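**Q**
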Amino acid sequence: MTDTPATSLPAYVELHRDVILNADLWTSQVRILSADYAFEGISGVPGLFTVDDLNLAVLAGAGVNLDYAAADPTAPLRNLTSSGSPIGIAAGGFGGTPTLQDAMPVVFSWPLLPSTVHPTDIAVTLNTGEVITPEVAALNPNYDFNERHVIVFFGDFGNRLAPGTEGARYPVSLTIVDDGTPLMAVGRDGPESLVGMTAATGNHYASGPQLVGARLTEYSSAGDFSPAALSQAFPNDGAAYYGDDAVFRLRLFTSGGFSPDGVSGFLPTDFGRLFKLEATHADGSTVVLTQDGLDYELGVGTVRVVGIADLGPAVGDESAIDTLQYQEDHDNYLDIILAGDAAAVARLTTVVIPTAAESGYTDVYNPGGPGRTPTEGVIFSEPAAAQRIGIEVSLDDLGTVSYAAQAISDYDLDDDLPVVFRLYDPGNGTHLYTASTVEATSALGLGYVEEGVPFSNEGSHPALTAVHRFFSATASDYVLTTDPAEIAALSEADSGFGYDGVAFAGIAEAEPGTTAIHRFYSAATADHLYTGNFAEGADAAGYEYEGVAWYAIGLLQADTATEALRSGWLLEA
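This note's numbering applies: residue 17 is where the sequence shown begins, and numbers increase by one.
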């Protein structure tokens with residue numbers, strides 16, 4: 017893709033870093049789960065910046081919530097319309113400023129290698145025979161490091177007339193093409209090219225969004241954070257919402273995002289008007305879970321729906337959320353957080369989405385639908401049909417993948433990357449650990465050599481712990497620690513160590529998807545070694561084990577030879 021001012025913006029740069037942390041593998045072989053046309057003509061509305069500009073969204077045919085706009089205080093613009101300005105799209109990391117274009121999300125079953133995501137990867141064939149290359153594309157809004165399965169792209173793909181109607185113009189298929197930087201997905205064996213993959217396209221002006229996946233696992237917050245430039249909706253993981261009640265996660269994957277009206281978002285307390293869950297009781301009968309906060313007996317224990325997560329920023333009291341002001345992330349994921357007995361939770365079988373035809377339930381739209389005050393005579397996308405999807409129960413295995421590019425040169429210059437670099441000074445036997453490419457590049461100039469990217473630098477976690485760094489110029493030794501007593505001792509004037517500050521962040525407690533970062537020390541070389549591979553330190557001559565330093569997402573396999581460290585590894589969680 018040609019560099020433009022929009023490709024130098026922080027969100028674009030950060031979205032193209034090759035970092036994936038605990039992202040789901042929804043299928044054993046990579047697939048396109050959906051590729052649906054929607055949001056016709058409403059992406060990139062010039063001049064749309066405030067509530068006073070809502071008439072421009074109306075003229076573009078976007079759904080609007082004019083009743084929310086009349087409230088005092090006024091709701092945020094994203095709660096008033098799903099349209100946005102060209103500048104806003106560029107700021108979101110799309111690499112351009114499209115004007116009045118259509119949007120299509122393409123949903124993959126494996127996470128995508130971010131650096132390979134470009135609009136030129138995609139060819140869209142219309143019913144007219146035209147083949148369209150999108151103008152811009154990005155992993156926004158599915159940008160969390162444990163997501164990254166969905167490309168949203170903009171272009172001129174059709175109109176709103178229903179298929180079969182005279183003059184209707186719409187996509188019929190999509191193909192991944194070779195643009196010289198092939199689009200890749202990351203699976204158990206690393207990146208895999210998607211060139212040649214095809215899919216029939218859906219049309220939300222004919223039928224609404226669908227669930228394309230439902231996975232039940234133990235709960236983990238590891239990797240559930242965003243690039244810094246796109247952190248306005250964080251933290252929104254289940255533990256940030258519900259604390260210790262977040263024991264299990266039923267992750268729902270959608271074809272186009274879910275909205276109660278086509279503009280605004282759902283709330284953490286909306287389970288009872290959105291979903292039902294079915295479970296099989298030990299006696300063979302079906303138990304239907306319709307409420308959150310209620311224990312359901314399944315003959316082998318109980319299960320309770322705690323609430324929904326992966327929406328907007330966590331707040332102290334979900335029941336006090338202001339519907340007009342609450343802003344969710346509008347991505348393709350919803351997490352139903354569960355508590356109870358594992359044997360009971362494992363008996364969940366089905367997610368059910370009713371419609372407004374059933375008392376107490378709401379229709380579900382993609383976030384490009386009519387809004388609460390639709391303009392008369394305008395065609396909007398359809399609500400979802402009633403649907404059911406089976407639950408994949410995976411309580412013994414998160415079934416996720418983590419990956420990071422292993423060379424410092426693969427990253428832009430930044431002082432707080434989501435990964436940690438390991439370097440080695442062969443002159444004095446010292447290891448250096450840093451999340452800064454600025455510092456790492458400087459160290460290379462001083463004679464250090466790269467030893468890869470061994471683990472994550474967590475950006476958001478309920479058990480987040482700062483990793484403090486001290487350096488002894490006399491011993492040429494870096495000490496990394498989270499222990500308050502050790503921090504106090506090293507801070508003493510006679511310790512021989514100077515304080516370098518917080519180097520990065522880890523996780524204080526073990527949880528699914530993380531690995532222990534072990535600490536070893538060699539008195540002979542005065543070097544501390546930190547590794548997620550215990551065998552590496554145990555086998556290193558002269559190093560003594562000093563215990564677990566913290567926890568993080570491991571990004572290397574067991575073989576940590578230098579050649580392997582530089583090649584870009586993957587860890588199955």
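The C-beta atom is built at its ideal place from N, Cα and C for all residues, glycine as well. In this text, all values refer to a predicted model and were calculated from it rather than measured experimentally.
#1: Would you mind stating whether TYR494 and HIS447 have Cβ atoms separated by less than 8 Å?
#2: Can you look up SER458 in the DSSP assignment and give me helix, strand or coil?
#3: Quick check on the burial criterion: 16 or more other C-beta atoms within 10 angstroms. Buried or exposed for SER179?
#4: Check whether the stretch 235-246 and the stretch 386-394 touch, using three or more Cβ-Cβ pairs below 8 Å as the test.
#5: Quick check on the DSSP output: the beta strand (DSSP E) that includes LEU314 runs from which residue to which?
#6: If you drop the 5 nearest sequence neighbours on each side, which residues of the same chain put their C-beta closer than 6 Å to that of TYR28?
#7: Helix or strand or just coil, what does DSSP make of PRO276?
#8: Between PRO130 and PHE161, what straight-line distance do the alpha-carbon atoms span, to the nearest angstrom?
#9: In whole angstroms, what is the alpha-carbon distance linking VAL147 and ASP426?
#10: Specify the secondary structure class of VAL35 as computed by DSSP and reduced to three states.
#11: Please list, in chain order, all residues of the same chain as ASN252 whose beta carbon is under 7 Å from its beta carbon, the five residues on each side excluded.
#12: Can you name, in chain order, every residue of its own chain whose Cβ lies under 6 Å from the Cβ of ARG47, other than the five neighbours on each side?
#13: Measure the alpha-carbon distance for ILE405 versus LEU364 and round it to whole angstroms.
#14: From this set, VAL319, GLY332, ALA336, which residue's C-alpha is nearest ALA355's C-alpha?
#15: What do you get for VAL454, buried or exposed, if any count of 16 or more other CB atoms within 10 angstroms of its CB means buried?
#16: Taking contact to mean 3 or more Cβ pairs, one atom from each stretch, closer than 8 Å, check whether the stretch 45-63 and the stretch 266-280 are in contact.
#17: Please tell me whether, using a cut-off of 7 Å, the distance from the CB of LEU199 to the nearest non-hydrogen atom of the ligand GTP is below it.
#18: Could you name the residues that DSSP lists as bridge partners for ASP493?
#19: Runs of 3 residues minimum, wholly inside the stretch 157-208: which ones carry the beta strand (DSSP E) assignment?
#20: Helix, strand or coil for LEU290, going by three-state DSSP, please let me know.
#21: Counting pairs of Cβ atoms below 8 Å between the stretch 29-39 and the stretch 416-432, do you hit three or more?
#22: Does DSSP classify TYR567 as helix, strand or coil?
#23: Give me the Cα-Cα distance between GLY206 and LEU290, rounded to the nearest whole angstrom.
#24: If distances are taken between C-alpha atoms only, which option among ARG164, ILE167, HIS165, SER189 comes closest to GLY174?
#25: Roughly how many angstroms lie between the CA atoms of LEU246 and THR23, to the nearest whole one?
#26: With DSSP as the reference, label ASP19 as helix, strand or coil.
#27: Consult DSSP for VAL74 and reduce its assignment to one of helix, strand or coil.
#28: Would you check if there are 3 or more beta carbon pairs closer than 8 Å linking the stretch 523-532 to the stretch 231-240?
#29: On the DSSP letters alone, give me the boundaries of the beta strand (DSSP E) that THR255 sits inside.
#30: Where do the N-terminal and C-terminal ends of the alpha helix (DSSP H) with VAL228 fall, by residue?
#31: Over what stretch of residues does the beta strand (DSSP E) that includes VAL303 continue unbroken?
#32: Label GLU508 either buried or exposed according to how many other C-beta atoms from any shown protein chain fall within 10 Å of its C-beta, with 16 as the threshold for buried.
#33: Where does GLY63 sit, in a helix, a strand or coil, going by DSSP?
#34: What is the rounded straight-line gap between the Cα of SER583 and the Cα of ALA459?
#35: What does the Cβ neighbour count give for PRO442, buried or exposed, with the cut at 16 atoms within 10 Å?
#36: Report the residue from LEU177, SER452, VAL518 whose alpha carbon sits nearest the alpha carbon of GLY57.
**A** Looking at the coordinates:
#1: Along the sequence shown, one-based indexing puts residue 494 at 478. Along the sequence shown, one-based indexing puts residue 447 at 431. In this structure, HIS447 lies closer than 8 Å to TYR494 by Cβ.
#2: Position 442 of the sequence shown holds residue 458. Here SER458 sits in helix by DSSP.
#3: Numbered from its first residue, the sequence shown carries residue 179 at position 163. According to the sequence shown, residue 179 is Pro rather than Ser. Counting Cβ neighbours within 10 Å, PRO179 comes out exposed, since fewer than 16 surround it.
#4: Not touching, per the Cβ criterion.
#5: The count along the sequence shown starts at 1 and reaches residue 314 at position 298. No beta strand (DSSP E) holds LEU314; DSSP gives it neither H nor E.
#6: Residue 28 sits at position 12 when you count from the first residue of the sequence shown. Excluding residues within five positions, the ones whose Cβ falls inside 6 Å are GLY109, GLY111.
#7: Position 260 of the sequence shown holds residue 276. Here PRO276 sits in coil by DSSP.
#8: To locate residue 130, count along the sequence shown from 1; it is residue 114. To locate residue 161, count along the sequence shown from 1; it is residue 145. In this structure, the alpha-carbon of PRO130 lies about 10 Å from that of PHE161.
#9: The residue given as residue 147 occupies position 131 in the sequence shown. The residue given as residue 426 occupies position 410 in the sequence shown. Distance between the alpha carbons of VAL147 and ASP426 is about 33 Å.
#10: Looking up residue 35 in the sequence shown gives position 19. DSSP places VAL35 in strand when its eight states are reduced to three.
#11: As a position in the sequence shown, residue 252 is number 236, starting the count at 1. For ASN252, same chain residues with a beta-carbon under 7 Å away, outside a window of 5 residues either side, are ALA325, ASP326, LEU327, GLY328, PRO329, ALA330, ASP345 in chain order.
#12: Taking the first residue of the sequence shown as 1, we reach residue 47 at position 31. If the five residues before and after ARG47 are omitted, its C-beta is found closer than 6 Å to the C-beta atoms of SER125, all from its own chain and listed in chain order.
#13: Your numbering for residue 405 matches position 389 in the sequence shown. Your numbering for residue 364 matches position 348 in the sequence shown. In this structure, the CA atom of ILE405 is about 11 Å from the CA atom of LEU364.
#14: Along the sequence shown, one-based indexing puts residue 355 at 339. With distances taken between Cα atoms, ALA355 lies closest to VAL319.
#15: The residue you call residue 454 lines up with position 438 of the sequence shown. VAL454 sits exposed, since fewer than 16 C-beta atoms from the chains shown fall within 10 Å of its C-beta.
#16: Yes: the two stretches touch, three or more of their Cβ pairs being nearer than 8 Å.
#17: Ligands are entirely absent from the displayed structure, and the ligand GTP is therefore not among its contents.
#18: Translated into positions along the sequence shown, residue 493 becomes position 477. Beta-bridge pairing links ASP493 to SER488.
#19: Counting whole runs of 3 or more residues, the stretch 157-208 contains the beta strand (DSSP E) stretches 166-171, 187-192, 200-203.
#20: The sequence position of residue 290 within the sequence shown is 274, counting from 1. In this structure, LEU290 counts as helix in the three-state DSSP scheme.
#21: Touching, yes, given that three or more Cβ pairs across the two stretches are closer than 8 Å.
#22: In the sequence shown, the residue the question calls residue 567 occupies position 551. Strand, per DSSP.
#23: Residue numbering aside, residue 206 sits at position 190 when the sequence shown is read from its first letter. Residue numbering aside, residue 290 sits at position 274 when the sequence shown is read from its first letter. Looking at the two C-alpha atoms, the distance is approximately 37 Å.
#24: Along the sequence shown, one-based indexing puts residue 174 at 158. Between GLY174 and the set ARG164, ILE167, HIS165, SER189, the nearest pair of CA atoms involves SER189.
#25: What you label residue 246 is simply residue 230 of the sequence shown in a count that begins at 1. What you label residue 23 is simply residue 7 of the sequence shown in a count that begins at 1. Rounded to whole angstroms, LEU246 and THR23 show a C-alpha spacing of 15 Å.
#26: Here residue 19 corresponds to residue number 3 of the sequence shown, with the count starting at 1. Residue state, collapsed to three classes: coil.
#27: What you label residue 74 is simply residue 58 of the sequence shown in a count that begins at 1. Helix, per DSSP.
#28: Result yes; three or more Cβ-Cβ pairs closer than 8 Å.
#29: Here residue 255 corresponds to residue number 239 of the sequence shown, with the count starting at 1. The sequence given here has Ala at residue 255, not Thr. Taken as a continuous stretch (DSSP letters only), ALA255 belongs to no beta strand (DSSP E), being part of the alpha helix (DSSP H) at 254-258.
#30: Locating residue 228 in the sequence shown gives position 212, where the first residue counts as 1. Careful: VAL228 lies outside any alpha helix (DSSP H), inside the beta strand (DSSP E) at 227-234.
#31: Here residue 303 is taken as the residue at index 287 of the sequence shown, counted from 1. From DSSP, the beta strand (DSSP E) with VAL303 extends over 302-305.
#32: Reading the sequence shown from its first residue, position 492 is the one you call residue 508. The residue in question, GLU508, is exposed, as its Cβ has fewer than 16 Cβ neighbours within 10 Å.
#33: Taking the first residue of the sequence shown as 1, we reach residue 63 at position 47. Three-state result, GLY63: coil.
#34: To locate residue 583, count along the sequence shown from 1; it is residue 567. To locate residue 459, count along the sequence shown from 1; it is residue 443. In this prediction, SER583 has a pLDDT of 34, which is less than 50 and means its spatial position is unreliable; nothing more can be read from the coordinates.
#35: Counting from 1 along the sequence shown, the entry for residue 442 is found at position 426. It is exposed - the Cβ of PRO442 has fewer than 16 other Cβ atoms within 10 Å.
#36: What you label residue 57 is simply residue 41 of the sequence shown in a count that begins at 1. Closest by alpha carbon: LEU177.
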